[in-house]
Structure formats: structure tokens, C-alpha cells
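Trainee: Okay, handing you the structure first.
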Amino acid sequence: MALFVQKFGGTSVGSLERIEAVADLVVKTTQQGHQVVVVLSAMSGETNRLIEMATQLDARPNSRELDVLMTTGEQVSVALLAMAIIKRGHSAISLLADQVGIRTTNHFGKARIEHIQTARLQQELEHNRIAIITGFQGRDYEGNITTLGRGGTDTTAVELAAVLKADECQIFTDVDGVYTTDPRIESKAKRLSHITCAEMLALASLGAKVLHLRSVEAAGRYKVPLRVLSSFSPDTGTLITYEEELIGHSRIAGIAASRNEVEIKVLGCEQSFSCLGEIKALCAEQQIEIDMIAQTHQHSGKIDYAFTVQSNDHLQVIEILQSNLRYIRAHSVESNANVAKVSAVGVGIKSNCEVSNQFFSALTQEGIKTLLVSSSEIKVSVLVEEKYLELAVRTLHATFFSESTE
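Anchor point for the sequence shown: position 1 equals 1 in full-length UniProt numbering, and the numbering is continuous, going up by one each time.
Laid out in C-alpha cells, this is it:
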């Protein structure tokens with residue numbers, strides 16, 4: 001008998017019909033003799049609906065109250081699934097994250113799980129009940145409701161799998177695994193049977209929406225066996241592995257793309273002052289990540305910095321920097337939201353000169369100008385005008401993945 005933690009996203013539970021289908025999948029697993037803990041997202045579109053109501057009242061709603069509002073969506077889906085499973089003659093119980101002791105930091109909207117108590121879940125498993133948990137949320141040590149950020153249900157599932165020592169964490173989505181790129185952009189994208197945790201981590205951080213970034217980080221930290229598969233047509237999916245020698249992919253694992261980028265330019269900084277360091281510190285105080293940094297020198301001796309932030313952070317970044325222009329000793333701040341990031345991911349890519357040459361040559365031949373560049377041992381990324389995103393993805397995929405590529 002194995003223990004599985006199964007997570008189902010919003011599209012998987014997007015209607016009563018879909019909830020019935022998920023109930024059948026969960027029951028089938030238990031009928032095979034396994035124990036199951038289920039983690040659910042809100043029904044598809046529900047979180048957006050709640051946010052829209054909040055922003056109609058206040059363009060920038062209070063972050064604590066927004067978390068209270070958004071967590072109601074998951075409560076609906078877990079209760080409905082429990083009802084569907086009970087109707088099928090199986091024992092099930094819906095539980096809020098707080099009821100199973102999921103404790104988080106107090107960064108509303110971006111909380112991180114710090115501790116999970118296992119006593120309640122172990123009790124339910126001992127009584128052969130299917131425990132159905134609200135994903136995406138928890139409580140801080142002051143009792144405030146918190147959320148983990150978009151996609152945080154994946155993280156809930158992986159963290160639960162870790163503390164329960166589950167045999168596998170199965171992430172059910174609306175796609176049947178991890179592909180060489182987004183199939184909605186490139187129809188010739190190919191599903192990978194295996195991918196390393198390091199490569200999956202890079203893809204998730206660079207725009208691949210199959211798995212939430214923090215969930216992959218947690219899976220790597222705890223070595224949780226992680227599998228991505230479809231709730232619509234479940235099969236073997238894609239296994240995230242920690243043994244690189246088991247992987248049989250081509251020179252790179254995949255092409256990732258993200259529209260969730262804004263380029264920020266801080267102009268006219270003094271060379272004698274650590275402007276970039278102060279910019280990073282100001283953003284770090286607000287839990288805002290900076291990416292793809294570049295600097296250029298003006299003829300006057302001043303320095304201009306360019307970097308990217310996620311689009312949902314950019315207004316806050318502009319406000320922070322403009323209110324601190326004197327402190328960072330800069331002349332002005334500009335932003336460009338009409339950009340996108342395109343990346344190639346693969347272990348050892350930085351040291352493979354052939355891959356880098358092919359990457360940039362392919363973009364140049366299509367007349368795609370690169371605005372910023374960043375690289376590491378496992379990826380190379382470029383910032384381009386947003387209108388070129390799909391062309392860049394298709395061009396790079398054709399360059400690195402032939403028809404015969406597995």
C-alpha cells in the first residue's frame with residue numbers, strides 16, 4: 001500500500017461535472033489499495049472573481065483582508081469534492097489548511113509555509129478517510145489567514161507530501177505532463193517522460209506554468225517524488241527526478257517564455273555610489289525579486305541600470321524608486337511593460353558554446369532584437385519586445401528540437 005498526495009488545480013475542479021470526475025479518480029486510487037490525501041485549488045475563475053470584487057471596492061485593497069477573501073474559494077471546492085466522494089460510498093472529510101496545522105510567515109499574498117502538524121492527518125488516514133485539504137493557504141502565528149501566492153496549491157501539496165513521507169506527490173493539471181515548450185504556442189512541442197529537478201526549477205522560474213516555482217523548490221529540498229499528469233486523461237505523465245543519469249533528453253530540456261515581465265530603467269546614477277545595491281535592498285524589503293540586470297555608462301560619467309521585475313510588482317517598484325531618487329542618487333525612473341522573456345533550459349548549457357551560438361543566431365536570423373541577456377549554468381534568457389515572443393519560441397524550438405526528438 002502506498003500513500004499518494006494528489007493535487008487538482010482550478011480547471012480540474014472547474015465545474016460540478018469536473019468535480020465528479022476527480023472524485024472518480026481519487027476513489028479509483030483508493031480501490032487499488034492506496035491511501036490518498038487530496039489538495040485542491042479553487043474552482044477555475046473563482047479567485048479572479050474574488051479579486052475583481054475587491055478591486056472594485058479599492059484599487060489597492062488591504063493585503064490582509066484580500067487574503068481572507070481569496071481563501072474562501074478553496075473552501076467551496078474541498079466541501080464539494082468531499083460530498084461527491086461520500087456519495088460514492090467512501091469515507092472523506094474536507095479540512096481547511098488551519099485545521100491540519102499549516103503555519104506560514106505573515107507576508108500576506110506571498111506567505112511561505114514554515115511548519116505543518118501531522119497529527120490530524122495521520123488520524124484521518126488511520127481511520128481510512130480521504131482527507132481533502134484547501135491548498136494555497138495557511139495561518140501565521142498570530143492567527144491571521146494567509147495565502148501563498150498564485151499557484152501556491154502546488155506548494156501545499158509538495159510540503160504535505162514531504163511531512164507525510166508520501167510515496168509520490170501527483171500534480172493533476174489540464175496538461176498531461178511537462179513539454180519542451182508551451183504547446184499552445186508551438187504545436188510540435190513534445191512531452192518529456194522525465195526531467196531533472198534542476199531543469200524543472202529553471203523552467204518554472206522562467207515562465208513555464210505547469211508547476212509553481214516554490215513547489216519545485218520544496219520538492220528538490222525534500223527529495224519528494226513529483227509527477228505531473230492530466231486529470232482529463234491520466235497516464236504516466238512526466239516524472240521530476242533527482243538522478244541526472246536517468247534522463248535521456250537532448251542538449252536542452254525546453255524553451256520557456258514569460259509575458260509577466262516589466263523592464264525598469266534607473267537613469268543617471270552616480271558611479272561613486274552603490275545605486276544598484278540600494279535598489280536591490282529597497283525591493284528586497286518588499287519581497288520583490290529583481291532579474292536580468294544590466295548597466296551602461298553615459299558619456300557624462302553617470303550609470304544607467306536596467307532590470308526586470310514581475311508585472312504585478314512593477315507599480316510598487318516604480319513608486320518605491322521614485323520616492324527614493326535622492327537616496328539612491330539617481331536622476332529618473334522609466335518602465336517598459338511591452339516586453340517578454342524567452343529562455344532555453346538545460347544542464348550545462350552555459351559551458352556549451354554551440355548551444356549559445358545557435359540560440360543567438362536563430363533569433364538574429366528572424367530579426368528579433370535582444371534587449372537584455374542573462375545566463376547561468378542551466379539557462380540562457382533574453383528579453384525581447386513582447387510582439388516577438390511567439391516567433392522567438394517557435395524559432396528556438398525548431399532550432400533545438402527536430403521531428404525525431406524524444
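Where a beta carbon is used, it is the ideal one built from N, C-alpha and C, also for glycine. It should be emphasised that the depicted structure is a prediction, and the values quoted were computed from it without experimental measurement.
Nearest-angstrom Cα distance between Val228 and Thr153?
Mentor: On the sequence shown, residue 228 is found 228 positions in, with the first residue counted as 1. On the sequence shown, residue 153 is found 153 positions in, with the first residue counted as 1. Straight-line Cα distance between these residues: approximately 14 Å.
Trainee: Let me check understanding here. Comparing Cα to Cα, which of Lys7, Gly135, Ala189, Val216 lies closest to Thr173?
Mentor: On the sequence shown, position 173 is the one that residue 173 refers to. Answer by Cα proximity: Lys7.
Trainee: My output table needs one value for Ser311: the three-state DSSP class, helix, strand or coil.
Mentor: Start at 1 with the first residue of the sequence shown, and residue 311 comes out as number 311. Looking at Ser311 - three-state DSSP - the assignment turns out to be helix.
Trainee: For a minimum of 3 consecutive residues, which ranges assigned as the beta strand (DSSP E) are wholly contained in the segment 106-172?
Mentor: Listed in chain order, they are 113-116, 130-134, 137-139, 145-147.
Trainee: Name the residue from Asp24, Val224, Ile368 whose alpha carbon lies nearest to the alpha carbon of Pro234.
Mentor: Locating residue 234 in the sequence shown gives position 234, where the first residue counts as 1. Of the candidates Asp24, Val224, Ile368, the one whose C-alpha sits nearest the C-alpha of Pro234 is Asp24.
Trainee: By the 10 Å Cβ neighbour count, where 16 or more other Cβ atoms means buried, how is Gly151 classified, buried or exposed?
Mentor: The residue given as residue 151 occupies position 151 in the sequence shown. Buried is the call here.
Trainee: Exposed or buried, what is Leu40 when buried is set at 16 or more other beta-carbons lying within 10 Å of its beta-carbon?
Mentor: Taking the sequence shown and counting its residues from 1, the one referred to as residue 40 is at position 40. Looking at its Cβ environment, which holds 16 or more other Cβ atoms inside 10 Å, Leu40 is buried.
Trainee: Under the assumption that Val355 contacts Val384 (Cβ atoms under 8 Å), give the Cβ distance between them as a whole number of angstroms.
Mentor: As a position in the sequence shown, residue 355 is number 355, starting the count at 1. As a position in the sequence shown, residue 384 is number 384, starting the count at 1. Actually they do not touch by this definition, with Cβ atoms about 18 Å apart.
Trainee: Less than 7 Å between the C-beta atoms of Ser94 and Val68, yes or no?
Mentor: Stepping through the sequence shown from its first residue, residue 94 is reached at position 94. Stepping through the sequence shown from its first residue, residue 68 is reached at position 68. Against a cut-off of 7 Å, the Cβ pair of Val68 and Ser94 comes out as no contact.
Trainee: Would you mind listing the alpha helix (DSSP H) stretches within the segment 252-320 that are 4+ residues and don't spill past its ends, in chain order?
Mentor: List check, alpha helix (DSSP H) in window: 275-285.
Trainee: Where DSSP assigns a beta bridge to residue 460, which residues make up the other side?
Mentor: An answer regarding residue 460 cannot be provided, because it is not within the stretch 1 to 406 covered by the chain.
Trainee: On a Cα-Cα basis, can you pick out the residue from Glu289, Pro225, Val309, Leu276 that is closest to Glu263?
Mentor: As a working mapping, residue 263 is identified with position 263 in the sequence shown. Cα-wise, what sits closest to Glu263 is Val309.
Trainee: By alpha-carbon positions, which one of Thr395, Gly237, Thr196 ends up nearest to Ser361?
Mentor: Sequence index remark: in the sequence shown, residue 361 carries index 361 (1-based). Closest by alpha carbon: Thr395.
Trainee: What residue from Met43, Ile171, Ile102, Ser375 has the CA that sits closest to Val210's CA?
Mentor: Walking along the sequence shown from the start, residue 210 turns up at place 210. Nearest C-alpha to Val210: Ile171.
Trainee: Indicate the three-state DSSP secondary structure (helix, strand or coil) for Tyr242 in the structure shown.
Mentor: Reading the sequence shown from its first residue, position 242 is the one you call residue 242. Correct three-state label for Tyr242: coil.
Trainee: How many angstroms separate the CA atom of Gly248 from the CA atom of Phe273?
Mentor: Counting from 1 along the sequence shown, the entry for residue 248 is found at position 248. Counting from 1 along the sequence shown, the entry for residue 273 is found at position 273. Here the model assigns Gly248 a pLDDT of 44, short of 50, so the residue's position is not dependable, and the following value carries that caveat. Taking the straight line from one Cα to the other gives about 49 Å.
Trainee: Could you pull the start and end residues of the beta strand (DSSP E) that Ser343 belongs to?
Mentor: As a working mapping, residue 343 is identified with position 343 in the sequence shown. Counting along the chain, the beta strand (DSSP E) containing Ser343 begins and ends at 339-345.
Trainee: Please report the distance separating the alpha-carbon of Lys265 from that of Ser63.
Mentor: To locate residue 265, count along the sequence shown from 1; it is residue 265. To locate residue 63, count along the sequence shown from 1; it is residue 63. Those two C-alpha atoms are separated by around 27 Å.
Trainee: Whose C-beta lies closer than 6 Å to the C-beta of Pro61 among residues of the same chain, with five residues either side of it excluded?
Mentor: For this step, residue 61 is matched to residue 61 along the sequence shown. Contacts found: Ala54.
Trainee: Considering only residues of the same chain and omitting the five flanking positions on each side of Ile51, which have a CB-CB separation below 6 Å?
Mentor: Reading the sequence shown from its first residue, position 51 is the one you call residue 51. Closer than 6 Å at Cβ, skipping near neighbours: no residue.
Trainee: Could you work out which residue in Met1, Arg18, His34, Leu372 is closest to Phe232 when comparing CA atoms only?
Mentor: Along the sequence shown, one-based indexing puts residue 232 at 232. Taking only the C-alpha atoms, the option nearest Phe232 is Arg18.
Trainee: Could you give the DSSP three-state label for Thr71: helix, strand or coil?
Mentor: By 1-based counting over the sequence shown, the position of residue 71 is 71. DSSP places Thr71 in coil when its eight states are reduced to three.
Trainee: Mind reading off the beta-carbon distance from Glu186 to Val5? Whole number of angstroms is fine, and I expect it under 8 Å.
Mentor: For this step, residue 186 is matched to residue 186 along the sequence shown. For this step, residue 5 is matched to residue 5 along the sequence shown. Their Cβ separation, rounded to whole angstroms, is 32 Å, which puts Glu186 and Val5 out of contact at 8 Å.
Trainee: Grab the span of the beta strand (DSSP E) containing Glu385 for me, first residue to last.
Mentor: Within the sequence shown, the letter at position 385 stands for residue 385. Unbroken beta strand (DSSP E) run through Glu385: 379-385.
Trainee: Would you call the segment 330-345 in contact with the segment 201-218, where contact means no fewer than 3 C-beta pairs closer than 8 Å?
Mentor: Yes, they touch.
Trainee: With a threshold of 8 Å on Cβ separation, who are the neighbours of Gln295 within its own chain once the five nearest residues in sequence on each side are excluded?
Mentor: Residue mapping note: residue 295 aligns to position 295 of the sequence shown, counting from 1. If we look at Gln295 and ignore the five residues flanking it on each side, its Cβ neighbours are Leu276, Ile303, Asp304, Tyr305, Ala306.
Trainee: State yes or no: is the C-beta of Ile130 within less than 7 Å of the C-beta of Val22?
Mentor: The residue you call residue 130 lines up with position 130 of the sequence shown. The residue you call residue 22 lines up with position 22 of the sequence shown. No, the Cβ-Cβ distance between Ile130 and Val22 is not below 7 Å.
Trainee: How far does the beta strand (DSSP E) with Ser356 in it extend, from its first residue to its last?
Mentor: Along the sequence shown, read from residue 1 onward, the residue named residue 356 stands at position 356. Run containing Ser356: none in the beta strand (DSSP E); it sits in the alpha helix (DSSP H), 353-365.
Trainee: Using the three-state DSSP reduction, which class does Val178 fall into: helix, strand or coil?
Mentor: Numbered from 1 along the sequence shown, position 178 holds the residue referred to as residue 178. Here Val178 sits in strand by DSSP.
Trainee: Judging by CA-CA distance, which residue of Ala330, Gln286, Leu391, Thr47 is the nearest neighbour of Phe108?
Mentor: Residue mapping note: residue 108 aligns to position 108 of the sequence shown, counting from 1. The shortest Cα separation from Phe108 among Ala330, Gln286, Leu391, Thr47 belongs to Gln286.
Trainee: Grab me the residues of Ile320's own chain with a C-beta within less than 6 Å of its C-beta, minus the 5 sequence neighbours each way, in chain order.
Mentor: Sequence index remark: in the sequence shown, residue 320 carries index 320 (1-based). Leu282, listed in sequence order.
Trainee: Tell me whether Ser15 sits in a helix, a strand or coil according to DSSP, three-state version.
Mentor: One-based indexing of the sequence shown puts residue 15 at position 15. Reduced to three states, the DSSP call for Ser15 is coil.
Trainee: Considering just the uninterrupted stretch of the beta strand (DSSP E) at Thr196, what are its terminal residues?
Mentor: What you label residue 196 is simply residue 196 of the sequence shown in a count that begins at 1. Counting along the chain, the beta strand (DSSP E) containing Thr196 begins and ends at 194-196.
Trainee: Could you check whether the segment 72-86 touches the segment 131-146, counting it as contact only if at least three pairs of C-beta atoms, one from each stretch, sit closer than 8 Å?
Mentor: Yes, since at least three Cβ pairs between the segment 72-86 and the segment 131-146 fall closer than 8 Å, the two stretches touch.
Trainee: So, with DSSP's three-state summary, where would you put Thr399?
Mentor: Translated into the one-based positions of the sequence shown, residue 399 becomes position 399. Thr399 falls in the helix class under three-state DSSP.
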